[in-house]
Amino acid sequence: MDYRNIIHLDLDAFYCAVEEQLNPELRGKPFAVGGQPNQRGVVASCSYAARAYGVRSAMPMARAKQLCPTLITISWTKGEYGKRSKEVMKILKRFTPLIEQISIDEAFLDIDAIHQDFLQIIKSIQDTINQETGLPCSLGGASNKLVAKIATDVGKSAIKTNTYPNAIQIVPFGKEAEFLAPLPARMLWGIGPKTNETLEQLGLYTIGAIASWPEKDLVNRFGQTGYEIASHARGIDNSPVTNQRMIKSISQENTFNEDIEDEKKLISELKKQCERVANNLEQEGIKGTTIKIKMRWPHFETLTRQITLPEATSDLEIIFSTATKLFKENWKQGIPLRLLGVGISGFRHPVQQLGLWDDNSQQIDKNLQSAIDELQKKFGNEIIHRGGKGYIPE
Numbered sequence: 180m181d182y183r184n185i186i187h188l189d190l191d192a193f194y195c196a197v198e199e200q201l202n203p204e205l206r207g208k209p210f211a212v213g214g215q216p217n218q219r220g221v222v223a224s225c226s227y228a229a230r231a232y233g234v235r236s237a238m239p240m241a242r243a244k245q246l247c248p249t250l251i252t253i254s255w256t257k258g259e260y261g262k263r264s265k266e267v268m269k270i271l272k273r274f275t276p277l278i279e280q281i282s283i284d285e286a287f288l289d290i291d292a293i294h295q296d297f298l299q300i301i302k303s304i305q306d307t308i309n310q311e312t313g314l315p316c317s318l319g320g321a322s323n324k325l326v327a328k329i330a331t332d333v334g335k336s337a338i339k340t341n342t343y344p345n346a347i348q349i350v351p352f353g354k355e356a357e358f359l360a361p362l363p364a365r366m367l368w369g370i371g372p373k374t375n376e377t378l379e380q381l382g383l384y385t386i387g388a389i390a391s392w393p394e395k396d397l398v399n400r401f402g403q404t405g406y407e408i409a410s411h412a413r414g415i416d417n418s419p420v421t422n423q424r425m426i427k428s429i430s431q432e433n434t435f436n437e438d439i440e441d442e443k444k445l446i447s448e449l450k451k452q453c454e455r456v457a458n459n460l461e462q463e464g465i466k467g468t469t470i471k472i473k474m475r476w477p478h479f480e481t482l483t484r485q486i487t488l489p490e491a492t493s494d495l496e497i498i499f500s501t502a503t504k505l506f507k508e509n510w511k512q513g514i515p516l517r518l519l520g521v522g523i524s525g526f527r528h529p530v531q532q533l534g535l536w537d538d539n540s541q542q543i544d545k546n547l548q549s550a551i552d553e554l555q556k557k558f559g560n561e562i563i564h565r566g567g568k569g570y571i572p573e
């Protein structure tokens with residue numbers, strides 16, 4: 180495995196941190212940024228005080244209010260998030276030109292060309308962002324992007340606090356597989372709910388268990404993805420840090436204020452979404468082959484269906500006709516919908532994701548906590564720490 184110095188940076192509860200800067204009175208209080216409860220809004224981000232009540236991102240705001248009756252709901256502050264994100268990215272460019280921004284609040288850095296202590300560079304990046312922007316951030320360092328990203332997630336989860344973790348975790352070269360072994364299987368890239376269910380049926384609940392499983396069997400079960408899963412489970416990832424935006428999908432969706440059962444209204448909404456998708460394709464200068472729709476019923480059951488076309492397209496009429504076909508094949512007359520969406524993927528030159536449907540968040544639960552405990556027993560309590568305190572030993 181190639182040795183590189185890769186950093187993953189995550190701005191802690193970014194939207195909340197920005198809102199606290201705009202309104203300092205929010206500090207220490209349970210609040211959430213997103214849509215309003217009476218409009219079927221969803222939590223985009225929530226403060227750590229709110230998380231103590233069980234509030235989580237992507238949760239319906241109405242449910243969040245049930246868990247935390249005193250929850251303060253904040254609507255999006257347009258323009259502020261992008262402005263502060265750009266400030267952070269400018270700071271990162273002082274350290275290396277090799278930056279891959281994967282979302283408004285996340286980025287990978289390749290600092291292999293910088294001949295300085297890896298740990299001190301990470302600490303310097305965190306200190307500079309903290310001091311110049313006032314934004315908290317957590318960082319993971321490793322020999323590749325996969326392990327660096329997971330290191331950030333583990334580091335943040337290990338910090339028991341009602342405020343921003345500002346965590347730092349480094350995985351030394353050669354310790355990748357050992358670090359990953361006790362962690363939940365679903366933390367690996369490429370393992371979604373269905374794949375994870377299959378792995379659990381095989382008794383593979385941890386990354387280490389996957390690494391010990393015959394690669395041939397994984398390939399037989401999952402095809403090309405099986406190779407990737409086996410490789411990732413051993414801590415191997417040779418994907419480069421690239422400055423190009425890597426769009427995986429472009430999509431639009433709408434959660435209705437009231438359930439809609441009228442077919443004409445639903446088709447009209449679908450056409451508007453297809454128009455926005457086609458416009459985005461035009462702006463990006465790309466074409467896609469796979470068109471999909473997403474439907475959610477009032478009881479929250481969600482269905483996605485897709486068709487892969489023989490040729491890539493950005494044509495509105497093709498996208499709309501294909502989406503309409505999928506809709507009519509899967510929607511039952513008179514059954515109301517809570518949400519409707521359309522998207523396109525399968526780009527010949529995939530570039531950062533603009534889609535709404537790819538779940539890149541890692542859901543950390545008690546299995547991860549058990550893994551963290553095991554890591555701390557093996558490497559010591561200082562393996563994971565808040566920025567500014569002790570560091571992981573080499």
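Under the numbering used here, read the sequence shown as residues 180 to 573, first letter to last.
Ideal Cβ placement from N, Cα and C applies to all residues, glycine included.
| Query | Result |
| --- | --- |
| What are the boundary residues of the beta strand (DSSP E) that residue 225 is part of? | 222 to 225 |
| Could you tell me whether the stretch 325 to 341 touches the stretch 215 to 225, where touching means 3 or more Cβ pairs closer than 8 Å? | no |
| Since residue 280 is in the beta strand (DSSP E), which residue starts that stretch and which ends it? | 278 to 282 |
| What does the Cβ neighbour count give for residue 568, buried or exposed, with the cut at 16 atoms within 10 Å? | Summary for residue 568: the model assigns pLDDT 38, below 50, so the residue's position carries little reliability; its value from the coordinates is reported in the next sentence. Exposed, by the Cβ-count rule. |
| What residues in its chain sit with their C-beta under 8 Å from that of residue 303, if we drop five residues either side in the sequence? | 274 |
| Which residues in the same chain have their Cβ closer than 6 Å to the Cβ of residue 359, if we skip the five residues on either side of it in sequence? | 386 and 414 |
| With a threshold of 6 Å on Cβ separation, who are the neighbours of residue 233 within its own chain once the five nearest residues in sequence on each side are excluded? | 246 |
| DSSP state of residue 475, grouped into three classes? | strand |
| Could you check which residue in 235, 253 and 311 has the C-alpha nearest to that of residue 271? | 311 |
| Going by beta carbon distance, what residues of the same chain come within less than 6 Å of residue 287, once the five residues before and after it are set aside? | 187, 279, 324 and 420 |
| According to the neighbour-count rule (16 or more other Cβ atoms, all chains shown, within 10 Å of its Cβ), is residue 294 buried or exposed? | exposed |
| Go through its chain and collect everything with a Cβ distance to residue 492's Cβ below 6 Å, but skip five positions before and after it. | 466 |
| Can you list, in chain order, the residues of its chain with a C-beta nearer than 6 Å to that of residue 182? Leave out the 5 residues immediately preceding and following it. | 322 and 352 |
| Less than 8 Å separating the beta-carbons of residue 277 and residue 289? | yes |
| Closest to residue 227 by CA distance: which of 448, 494, 380 and 250 is it? | 250 |
| From residue 264 to residue 471, what distance separates their C-alpha atoms? | 30 Å |
| Can you confirm whether the stretch 424 to 437 touches the stretch 375 to 382 when touching is taken to mean that 3 or more C-beta pairs between the two stretches lie within less than 8 Å? | no |
| Just grab the DSSP bridge partners of residue 187 for me. | 287 and 319 |
| Going along the chain, which residues of its own chain have a beta-carbon closer than 7 Å to the beta-carbon of residue 194, five neighbours each way excluded? | 212, 223, 224 and 260 |
| In the structure shown, what three-state DSSP assignment does residue 396 receive? | helix |
| With distances taken Cα to Cα, identify the nearest neighbour of residue 253 among 298, 202, 231 and 285. | 202 |
| Can you find the residues in the same chain that come closer than 6 Å, C-beta to C-beta, to residue 199, ignoring five residues on each side of it along the sequence? | 205 and 206 |
| Buried or exposed: which applies to residue 331, given that a residue is buried once 16 or more other Cβ atoms fall within 10 Å of its Cβ? | buried |
| Grouping DSSP H, G and I as helix and E and B as strand, with all else coil, what is residue 438? | strand |
| Counting beta carbon pairs with one atom in the stretch 448 to 466 and one in the stretch 510 to 524, are three or more of them shorter than 8 Å? | yes |
| Note down the Cα distance separating residue 363 from residue 305, rounded to an integer number of angstroms. | 28 Å |
| Report the three-state DSSP secondary structure of residue 372 (helix, strand or coil). | helix |
| Please name the residue in 513, 469 and 355 whose C-alpha comes closest to that of residue 577. | Because the chain here runs from 180 to 573, residue 577 falls outside it and cannot be looked at. |
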